[in-house]
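J.: Numbering (my numbering), first residue to last: 13 to 388. We treat Cβ as the ideally placed atom computed from N, Cα and C, and that holds for glycine.
Pasting the structure below:
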């Protein structure tokens, strides 16, 4: 099976349009705290909304505050421009920016006379018996909205099947990412990002088959050996492989990350209690580590970052922050001591969604690579 589709990272609505042509529904998803299993169980195609390649978000900026991040404004711009062919979208308050996409698209689509199903769910920022119960109720509201949209009943059997499917994808993604532990990996960091981004454009079943084909071909792939330093990337939403390619062009091989569009997209296996499936899903999405938004998992996030840096034998870490990013804005203050104790050099980069000043990025990254080479 040809798996080259895994490396097509441009946003495409072809799969979405083909899906909707069958009379099925497709909804965009903003933030990792919207369980895609629920949409899948309702027969809805979940499409993780991205901003890749947006060069001009001037119309969106009229609607959104100038203090909103360019990632959020670019997504709103793509919705305005009909880059996606969707019946609507589901947002959670993963960060304030995601909520602003919801608010403004609700107003924009109404003004344009565009019929959309827009759903917002609340995701607590602490994990306790009270917040889990609240989040479960929010998921029930989402299920009811999906059933109304599709006419399909979201049964426990359908949910269990969807969890099984997504767990299979999680297991395959984990195998792909573990390839990067090798001294000479068979994929670059940019290729790994493309593989993960491609999941946003297709049904999960198709994604699984493509991943299987890729893994079967791993022995035939040429290992990467011409690099100067093994690097890890953490920080704000990063959904453009060209940014990673610019770093790797200077000899910094990206072998690990904790990006919400990267390794954190799928996460570990969802353990299912079949006596209360919705509670299992709620527990999983509140306890899994994705970003610093959770108040009570900061230590666990820092431990994960340090452990991953150690496991993947990185020579340095790139902290890439989107301007005006709420979640990652000041996390370095808390994280830096843990990295210093683990002897992992850290380098700070600030970016916008539009890829400008690539030359400056390359110069700064090359200087960091030279530093870790000397210290290594």
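1. Please classify residue 214 as buried or exposed, where buried requires at least 16 other C-beta atoms within 10 Å of its C-beta.
2. What distance in whole Å lies between the Cβ atoms of residue 198 and residue 267, which are believed to be in contact at a cut-off of 8 Å?
3. Give me the Cα-Cα distance between residue 204 and residue 290, rounded to the nearest whole angstrom.
4. Please give the ranges of any beta strand (DSSP E) in the region 228-265, keeping only runs that are unbroken, at least 3 residues long and fully inside the region.
5. Beta-carbon separation of residue 351 and residue 316 under 9 Å?
6. Who are the Cβ neighbours of residue 239 in its own chain at under 6 Å, not counting the five residues just before and after it?
7. Could you check what DSSP says for residue 360 in three-state terms: helix, strand or coil?
8. My output table needs one value for residue 269: the three-state DSSP class, helix, strand or coil.
9. Should residue 302 and residue 45 be called a contact, given that it needs their Cβ atoms to be closer than 9 Å?
10. Report the rounded CA-to-CA distance for residue 1 versus residue 167, giving the unit in angstroms.
11. Would residue 101 and residue 114 qualify as a contact pair, given that the criterion is a beta-carbon distance under 9 Å?
12. So, are the CB atoms of residue 182 and residue 279 less than 9 Å apart?
13. Tell me which same chain residues have a C-beta within less than 7 Å of the C-beta of residue 384, skipping the five on either side of it?
14. State the Cα-Cα distance for the pair residue 211 and residue 86, rounded to the nearest angstrom.
15. Tell me the DSSP secondary structure of residue 47 in three-state form.
16. In terms of residue numbering, what span does the beta strand (DSSP E) encompassing residue 39 cover?
17. Under 8 Å by Cβ, that's how I've got residue 147 and residue 294 pegged, so tell me the actual separation to the nearest angstrom.
T.: Reading off the structure:
1. Here residue 214 refers to the residue found at position 202 when the chain shown is read from its first residue. Buried, since its Cβ has 16 or more Cβ neighbours within 10 Å.
2. On the chain shown, position 255 is the one that residue 267 refers to. On the chain shown, position 186 is the one that residue 198 refers to. About 12 Å separates the two Cβ atoms, so there is no contact after all.
3. By one-based count along the chain shown, residue 204 stands at place 192. By one-based count along the chain shown, residue 290 stands at place 278. When rounded, the distance between both Cα atoms is 31 Å.
4. 241-247
5. What you label residue 351 is simply residue 339 of the chain shown in a count that begins at 1. What you label residue 316 is simply residue 304 of the chain shown in a count that begins at 1. In this structure, residue 316 does not lie closer than 9 Å to residue 351 by Cβ.
6. Position 227 of the chain shown, counted from the start, is the residue given in the question as residue 239. The answer, listed in chain order, is 263, 265.
7. Position 348 of the chain shown, counted from the first residue, corresponds to residue 360. Correct three-state label for residue 360: strand.
8. Here the question's residue 269 lines up with position 257 in the chain shown. In this structure, residue 269 counts as strand in the three-state DSSP scheme.
9. The sequence position of residue 302 within the chain shown is 290, counting from 1. The sequence position of residue 45 within the chain shown is 33, counting from 1. Going by C-beta atoms, residue 302 is nearer than 9 Å to residue 45.
10. This structure cannot settle anything about residue 1, because the visible part of the chain is limited to 13 through 388.
11. Taking the chain shown and counting its residues from 1, one reaches residue 101 at position 89. Taking the chain shown and counting its residues from 1, one reaches residue 114 at position 102. Cβ distance < 9 Å, so residue 101 and residue 114 count as in contact.
12. Indexing the chain shown from 1 puts residue 182 at position 170. Indexing the chain shown from 1 puts residue 279 at position 267. In contact: residue 182 and residue 279 (Cβ atoms closer than 9 Å).
13. To locate residue 384, count along the chain shown from 1; it is residue 372. The residues are 241, 327, 328, 357.
14. The residue you call residue 211 lines up with position 199 of the chain shown. The residue you call residue 86 lines up with position 74 of the chain shown. Their backbone Cα atoms lie some 20 Å apart in a straight line.
15. By 1-based counting over the chain shown, the position of residue 47 is 35. In the structure shown, residue 47 sits in coil (DSSP, three-state: anything other than H, G, I, E or B).
16. One-based indexing of the chain shown puts residue 39 at position 27. 37-42 is the extent of the beta strand (DSSP E) around residue 39.
17. Counting from 1 along the chain shown, the entry for residue 147 is found at position 135. Counting from 1 along the chain shown, the entry for residue 294 is found at position 282. That belief holds up - the Cβ atoms of residue 147 and residue 294 are roughly 5 Å apart, short of 8 Å.
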